[in-house]
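Undergrad: From first to last, the protein sequence lines stand for chains A and B. Those letters in the first sequence? Residues 1 to 196, by our numbering. Those letters in the second sequence? Residues 1001 to 1196, by our numbering. The beta-carbon is built from N, C-alpha and C at its ideal position, and this holds for glycine as well.
Number of protein chains: 2
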Amino acid sequence: MSNFEAFFDYIQEISGKLLSANDKHLLMAHFKPKKLRKRQYFLQEGDVCKYIGFIVKGSARTFTVDEKGHEHILKLSLENWWLADFESFYLLTPSRFNIEALEDLEVLQSTNAQIEEFLKHVPAFSAMANAISQNYTIANQKRMQAAISYTAEERYEDLIRNYPQFLQRFPQNMIASYLGLSPETLSRIKKNSFKH
Amino acid sequence: MSNFEAFFDYIQEISGKLLSANDKHLLMAHFKPKKLRKRQYFLQEGDVCKYIGFIVKGSARTFTVDEKGHEHILKLSLENWWLADFESFYLLTPSRFNIEALEDLEVLQSTNAQIEEFLKHVPAFSAMANAISQNYTIANQKRMQAAISYTAEERYEDLIRNYPQFLQRFPQNMIASYLGLSPETLSRIKKNSFKH
DNA sequence: ACATTGAATTGACTTATATCAAGGCTATTT
DNA sequence: AAATAGCCTTGATATAAGTCAATTCAATGT
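1. Of all the residues that make up the segment 125-136 of chain A, which are near chain B by a beta-carbon distance shorter than 7 angstroms?
2. Please say whether residue 8(A) and residue 107(A) have beta carbons closer to each other than 9 angstroms?
3. Just mark residue 145(A) as buried or exposed, buried being the case when its beta carbon has 16 or more other beta carbons within 10 Å.
4. Can you tell me which of 190(A), 186(A), 176(A) puts its alpha carbon nearest to the alpha carbon of residue 73(A)?
5. Just list the residues that DSSP pairs residue 34(A) with in beta bridges.
6. Answer with buried or exposed for residue 21(A), where buried requires no fewer than 16 other C-beta atoms within 10 angstroms of its C-beta.
7. Determine the burial state of residue 124(A): buried for a count of at least 16 other Cβ atoms within 10 Å of its Cβ, exposed for fewer.
8. Run through DSSP, which three-state label would residue 61(A) get?
9. From the DSSP output, in three-state form, read off residue 1010(B) for me.
10. According to DSSP, is residue 1171(B) part of a helix, a strand, or is it coil?
11. Grab me the residues of residue 1050(B)'s own chain with a C-beta within less than 7 angstroms of its C-beta, minus the 5 sequence neighbours each way, in chain order.
12. Where are the beta strand (DSSP E) runs, 3 residues long or more, that stay fully inside the segment 1069-1098 of chain B, in chain order?
13. For the segment 1111-1122 of chain B and the segment 1021-1035 of chain B, state whether three or more C-beta atom pairs, one from each stretch, are separated by less than 8 angstroms.
14. Leaving out five residues on either side along the sequence, give the residues of the same chain with a beta carbon under 8 angstroms from the beta carbon of residue 1046(B).
15. Take the Cβ of residue 141(A) as the centre, count every other Cβ of all protein chains shown within 10 Å, and call the residue buried at 16 or more, exposed below.
16. Return the residue from the list 100(A), 101(A), 113(A), 105(A) that minimises the CA-CA distance to residue 92(A).
17. Against chain A, does residue 1145(B) count as a neighbour if the rule is that its beta carbon must be under 9 angstroms from one of theirs?
18. Give a yes or no on whether the minimum CB-CB distance between residue 162(A) and chain B is below 9 angstroms.
19. Whose C-alpha, out of 1158(B), 1084(B), 1189(B), 1116(B), is nearest the C-alpha of residue 131(A)?
20. On the CB-based measure, 16 or more other CB atoms within 10 Å of its CB, does residue 135(A) come out buried or exposed?
21. Output yes or no for whether 9 angstroms exceeds the beta carbon distance between residue 1061(B) and residue 1102(B).
22. Given a threshold of 16 other Cβ atoms within 10 Å of its Cβ, counted over all protein chains shown, does residue 18(A) qualify as buried or as exposed?
23. For chain B, is any of its Cβ atoms less than 9 angstroms away from the one on residue 46(A)?
24. Looking at residue 1089(B) and residue 1052(B), is the spacing between their C-beta atoms short of 9 angstroms?
25. Is it true that the CB of residue 63(A) sits closer than 9 angstroms to the CB of residue 82(A)?
26. Of all the CB atoms in chain A, is at least one closer than 9 angstroms to the CB of residue 1189(B)?
27. Determine, using beta carbons only, whether residue 1025(B) comes closer than 9 angstroms to chain A.
28. Between residue 64(A) and chain B, is any beta-carbon pair separated by less than 9 angstroms?
29. Can the beta-carbon of residue 1197(B) be found closer than 9 angstroms to that of residue 179(A)?
30. Following the continuous beta strand (DSSP E) through residue 201(A), name the residue where it begins and the one where it ends.
31. Assuming residue 168(A) contacts residue 183(A) under a Cβ cut-off of 8 angstroms, what Cβ separation, rounded to an integer in Å, is found between them?
32. Given a cut-off of 9 angstroms on the beta-carbon distance, is the pair residue 1157(B) and residue 1187(B) in contact?
33. Please report the straight-line C-alpha distance between residue 215(A) and residue 129(A), rounded to a whole angstrom.
34. Is residue 100(A) closer than 9 angstroms to residue 40(A) when the C-beta atoms are compared?
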């Protein structure tokens, strides 16, 4: 299945290790392809995030809804990213988040218990997990720094630098929410940044 | 050395595995005790973060200085936490951060190359690394959500709930900076929160 | 013990960002 | 093709938070 080829390439590239034929069979046996249409939910608030998904195609947003009914986007996710509420996934607690497909979405999904097995038995998989953990730590540190020390305009410029794909793939109001801004404010920032 | 006992206990508790006598000798051979007095720097902006430190005693802050000379605290760290700029430590790039002792500080420190060895040869150590990675991911997700969707007052309440020790150990202006607030604003928030 | 420095508070004022409301444009659905 | 819904922009106004300055108090160094 061509779905899995991209997945295998990704694992091998990021881990720097090769997958054996056996490894590949094991992964194919326990990652299930799942398709969601735009607007469908991968996870709903209150449910346990039983599955982690590797995005083969499409995009999604992870968001909360506050008491005033306002949505706040914590993550925007694209191809070759992992999709889950990790807190709920690791601890098996009810999630505070919703995860919704923003475009038609194809993922390969598996459970926490299965992931533990891959970590034990597939060296490339566990090397990948370590590499991802490093990347996430670095990305989180950068984003947190931006959140506490940058102005709205600087955060937007930072996003353009780090995730230029987002501008192509996501509507501006989603990007505003991801940056912690109102859509109006982002619109004004874009207008003013011409002047600089 | 009593320093190491606390360290070993920590590793065993968080990993759920025991350290052999051999493991302990290996750790003691390659983690060097280091003491810093209050105000001394564990890391300076521009330097590569060669060492990761396990805090045995004391506290530290990780912060940046922006173009206007304002300091922004990204992390506050206490006993049994790991101290490093992980981006610089993993990638061996010059750090954008400073790490300064806020109280007299005792750490056990080691290099990235050594850590790799421990991960390979000490099962409890690598299990600990995986557990920490999960905890960090969860904590980062929470803090990021707070940053984009909470008001200043809600972020402060969140801090009281999650890290009550901070109020005892750190001056209020440090906490304000950690929350991304001016000291004056935090002072006013405290005054007003009596009214609610 | 005295002098100095740093921390916290408060008031007055400024600035950044949110909110509310309206209008126009575009894409999607029927 | 018409109707609809979603998205973006703009203006007017409100609110939250920052800045600057002054004062008090506590902690620290000599």
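TA: Let's see:
1. 133, 134, 136
2. no
3. buried
4. 176(A)
5. 107(A)
6. exposed
7. buried
8. strand
9. helix
10. coil
11. 1111
12. 1071-1077
13. yes
14. 1094, 1095
15. buried
16. 113(A)
17. yes
18. no
19. 1116(B)
20. exposed
21. yes
22. exposed
23. no
24. yes
25. no
26. no
27. no
28. yes
29. For residue 1197(B) there is no data in the structure shown, the boundaries of chain B being 1001 and 1196.
30. Residue 201(A) is absent from the structure shown; chain A starts at 1 and stops at 196.
31. In fact, because the Cβ distance is near 18 angstroms, the residues do not count as touching under 8 angstroms.
32. no
33. This structure does not reach residue 215(A), given that chain A is present from 1 up to 196, and the question cannot be answered.
34. yes
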